[in-house]
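Following: one structure in structure tokens, then a few remarks.
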Amino acid sequence: MAASSLSVIKLPIKDLGKFFLHVIFFPLIAIWMFWKVHMASKKEILEDLIRYRSKGDVLYKDLYDVSTSALRLMSEIEQRLKQLGTEEDRALIEKINQFAEKVMEATVHSNEYADSLLKDYGQALKKIGNS
12 MAASSLSVIK LPIKDLGKFF LHVIFFPLIA IWMFWKVHMA SKKEILEDLI RYRSKGDVLY
72 KDLYDVSTSA LRLMSEIEQR LKQLGTEEDR ALIEKINQFA EKVMEATVHS NEYADSLLKD
132 YGQALKKIGN S
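Just so we're on the same page, this note's numbering is the position in the sequence shown counted from 1, plus 11.
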């Protein structure tokens, strides 16, 4: 009889161990895996944002350099054409002025884009940090 009562005592302890294993250990692993995936996705999102931001910055700088060079070149051409003063030169000066307006408008739009990109980038970082 002592042997059978001993096996009755071992059975609940064994079941209790399985119970704790299933109730505590497996949910902890699941939570850890979820956290790991969640943090990995945040890291990927941040890396994508960094790449996007760097490409936007390069585009903005290139557009700024091109527009600045175009305005300087047009200014020099306009000064030389004013010295000659023919009717054709005046028509060309008018075309240069129209092009200069387009260049300045593109520069304004690129500034707006850069500002918007900076704000959106900051908001995305805040949202990722808060989640």
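The C-beta atom is built at its ideal place from N, Cα and C for all residues, glycine as well.
Item checked: Cβ pair count under 8 angstroms reaching 3, the segment 104-112 against the segment 73-87 -> Verdict: yes, contact present.
Margin query: Measuring only the C-alpha atoms, how far is Lys72 from Leu60?
Written below: 18 angstroms
Check: Can we say the segment 54-69 touches the segment 88-98, given the rule of at least three CB pairs closer than 8 angstroms?
Finding: Contact between the segment 54-69 and the segment 88-98 is absent, because fewer than three Cβ pairs lie under 8 angstroms.
Checklist line | Coil, strand or helix - Gly67 by DSSP | finding: helix
Notebook entry, point to check: Which value, in whole angstroms, describes the spacing of the CA atoms of Ile104 and Tyr132?
Noted result: 41 angstroms
Note to self: Taking only three categories from DSSP, how would you classify Gly96?
What the structure shows: coil
Checklist line | Cβ neighbours of Ala125 in the same chain (closer than 6 angstroms, five flanking residues each side left out) | finding: Tyr71
Note to self: At the level of alpha carbons, what is the spacing between Val69 and Glu116?
What the structure shows: Their backbone Cα atoms lie some 19 angstroms apart in a straight line.
Item checked: Spatial distance of Tyr75 from Thr118 (CA atoms) -> 7 angstroms
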